[in-house]
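Participant:
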Amino acid sequence: MSFIDLRSDTVTLPTAGMREAMARAELGDDVYGEDPSVNRLEATLAERLGFAAALFVPTGTMSNLLGLMAHCGRGDEYIVGQQAHTYKYEGGGAAVLGSIQPQPIDGDADGSLDLDKVEAAIKQDDFHFARTRLLALENTMQGKVLPLTYLAAARELTLRRGLALHLDGARLYNAAVKLGVDAGEITRHFDSVSVCLSKGLGAPVGSVLCGDAEVIGRARRLRKMVGGGMRQAGGLAAAALYALDHQVERLAEDHANAEALGRGLTELGYSIEPVQTNMVYVDAGGQASALAAHLLERGIRVSPAARLRLVTHLDVKSADIPGIVEAFAAFRRS
Ligand SMILES: *Cc1c(COP(=O)(O)O)cnc(C)c1O
Numbered sequence: 001m002s003f004i005d006l007r008s009d010t011v012t013l014p015t016a017g018m019r020e021a022m023a024r025a026e027l028g029d030d031v032y033g034e035d036p037s038v039n040r041l042e043a044t045l046a047e048r049l050g051f052a053a054a055l056f057v058p059t060g061t062m063s064n065l066l067g068l069m070a071h072c073g074r075g076d077e078y079i080v081g082q083q084a085h086t087y088k089y090e091g092g093g094a095a096v097l098g099s100i101q102p103q104p105i106d107g108d109a110d111g112s113l114d115l116d117k118v119e120a121a122i123k124q125d126d127f128h129f130a131r132t133r134l135l136a137l138e139n140t141m142q143g144k145v146l147p148l149t150y151l152a153a154a155r156e157l158t159l160r161r162g163l164a165l166h167l168d169g170a171r172l173y174n175a176a177v178k179l180g181v182d183a184g185e186i187t188r189h190f191d192s193v194s195v196c197l198s199k200g201l202g203a204p205v206g207s208v209l210c211g212d213a214e215v216i217g218r219a220r221r222l223r224k225m226v227g228g229g230m231r232q233a234g235g236l237a238a239a240a241l242y243a244l245d246h247q248v249e250r251l252a253e254d255h256a257n258a259e260a261l262g263r264g265l266t267e268l269g270y271s272i273e274p275v276q277t278n279m280v281y282v283d284a285g286g287q288a289s290a291l292a293a294h295l296l297e298r299g300i301r302v303s304p305a306a307r308l309r310l311v312t313h314l315d316v317k318s319a320d321i322p323g324i325v326e327a328f329a330a331f332r333r334s
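Heads up: the sequence shown begins at 1 in the UniProt record's numbering, then just goes up one per residue.
#1: Have a look at the DSSP bridge pairing and note the partners of Tyr78.
#2: Relative to ligand 1, is the shortest distance from any of its heavy atoms to the C-beta of Asn174 smaller than 8 Å?
#3: Inspect the beta-carbon positions of residue 336 and Val280 and report whether they are closer than 9 Å.
#4: If we count the other Cβ atoms within 10 Å of its Cβ and call it buried at 16 or more, is Gln101 buried or exposed?
#5: Cutting at 7 Å between CB atoms, please list the residues of its own chain near Val38, excluding the five before and the five after it.
#6: Could you tell me whether the region 294-308 touches the region 321-329, where touching means 3 or more Cβ pairs closer than 8 Å?
#7: Please identify the residue among Gln287, Ala288, Gln276, Ala330 whose C-alpha is closest to the C-alpha of Val311.
#8: Would you say the beta carbon of Gly67 comes nearer than 8 Å to a heavy atom of ligand 1?
#9: Are the CB atoms of Glu185 and Lys123 within a distance shorter than 9 Å?
#10: Taking just the CA atoms, how far does Asp315 sit from Asp5?
#11: Tell me whether the beta-carbon of Gly200 lies closer than 9 Å to the beta-carbon of Leu244.
#12: Taking DSSP as the reference, what is the three-state secondary structure of Val205?
#13: From Gly111, His246, Ala121, pick the residue whose C-alpha is nearest to that of residue 336; which is it?
#14: If you compare alpha carbons, which of Tyr150, Arg231, Pro274, Thr132 is closest to Lys144?
#15: Less than 9 Å separating the beta-carbons of Tyr68 and Ala54?
#16: Assuming Leu65 contacts Gly93 under a Cβ cut-off of 8 Å, what Cβ separation, rounded to an integer in Å, is found between them?
#17: Look at the alpha carbon of Thr10 and the alpha carbon of Glu119, and state the distance between them as a whole number of angstroms.
#18: Measure from the alpha carbon of Met211 to the alpha carbon of each residue in Tyr173, Ser63, Tyr32, then state which is nearest.
#19: Put Ile186 into one of helix, strand or coil per three-state DSSP.
#20: Leu167 lies in the beta strand (DSSP E); which residues open and close that run?
#21: Go to Leu251, then tell me how far its alpha helix (DSSP H) extends in each direction, as first and last residue.
#22: Just to check my reading of the structure: Leu163 and Leu134 have Cβ atoms closer than 8 Å, yes? What is that Cβ distance to the nearest angstrom?
#23: Is Gly98 near ligand 1, judged by its Cβ being under 8 Å from some heavy atom?
#24: On the criterion of 16 or more Cβ atoms from any shown chain inside 10 Å, does Phe127 qualify as buried, or is it exposed?
#25: Considering only residues of the same chain and omitting the five flanking positions on each side of Arg24, which have a CB-CB separation below 8 Å?
#26: What does the alpha-carbon distance come out to for the pair Val208 and Gly285?
#27: Give the range of the alpha helix (DSSP H) segment to which Arg161 is assigned.
#28: Starting from Arg307, follow the beta strand (DSSP E) in both directions and report where the run begins and ends.
#29: Quick check on Met225: buried or exposed, where buried means 16 or more other Cβ atoms within 10 Å of its Cβ?
#30: What whole-angstrom Cβ distance do Ala152 and Arg48 have, given they're in contact under 8 Å?
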């Protein structure tokens, strides 16, 4: 039985074209800086996103960790959203491995952090306090796109207050496609950006951290330290390059599928958060487990949660949407 997997956009499998590109990749030892495919990926993303340098790493978690550690030292602090991936879903790595104190603040419903709250959280220069060094934003944030005007305001604030600005852009390209802008229009506001190739872009493994030469130089040293120096990683870099060249524009299909799914579920009477990109959040109330079991019997995988997240991606086709809506309808009738 083949499943429709709505748990995450990490579940995508490499396409035939991507597998071919991986097989053909030129390889070398990347720790020596000699893997031509990795070097091409790093140069390509740095150039496209407007940075001097970039670093290929195994995961987005490592990419964010290296970014935070490249900007912040022991006893420094970063301001971050309560629900942000870097704060909540990365095992506390910045604190554990970087001795960086997080200062979480509540996010707004649109995925942004209120900049007045951010400014109020910046600590004075006083030996009682950790040194506030950085603001970390996430875009898309749970499927929501941060407006360009907001990013400009965050840039203005961080420059005025002497903070660095990091973007967890795991789904940067979903945001760019949704806004209809070049991804560089988003990233130009930041000092460092982490991009996941293994989410909706469909590569099997890998993220890239972009920044200036100094930040990436520090991150390269830290990558070795945490065990992320890979050798003939060019097959993975080739998959990532293939994704960047062939699987960015198609993210619009994922967004259209999510919108259609959200519309279908709304018509059934489900309460849905506004859909912007490839995520549909459904209020499943106390029925999440029963609903997940019901869907699984019909070949649809979801992670049970009261705030149920449905994610569209490369391996969910528009022709799958009516069947998914029908499976929800059957649950409502049952
Ligand atoms: C997936 C994700 C990451 C990184 O995850 P890895 O599984 O470590 O690659 C970082 N930030 C966000 C917002 C994510 O969704």
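C-beta: ideal position from N, C-alpha, C; glycine also.
Just so you know, these numbers come straight off a predicted model, no measurement behind them.
Facilitator: Short version:
#1: Pro102, Leu134
#2: no
#3: In the structure as shown, the chain starts at 1 and stops at 334, and residue 336 therefore has no counterpart that could be examined.
#4: buried
#5: Asp30, Phe56, Ala233, Gly234, Ala237
#6: yes
#7: Gln276
#8: no
#9: no
#10: 8 Å
#11: no
#12: coil
#13: Only positions 1 to 334 of the chain appear in the structure, and residue 336 is not among them; the question remains open.
#14: Pro274
#15: For the record, residue 68 in the displayed sequence is Leu; it is not Tyr. Going by C-beta atoms, Leu68 is not nearer than 9 Å to Ala54.
#16: 5 Å
#17: 34 Å
#18: According to the sequence as given, residue 211 is Gly; it is not Met. Per the Cα distances, Ser63.
#19: helix
#20: 164-169
#21: 251-267
#22: 6 Å
#23: no
#24: exposed
#25: Ala238
#26: 37 Å
#27: 148-161
#28: 307-311
#29: exposed
#30: Not quite, the Cβ-Cβ distance comes to about 20 Å (not below 8 Å), so this is no contact.
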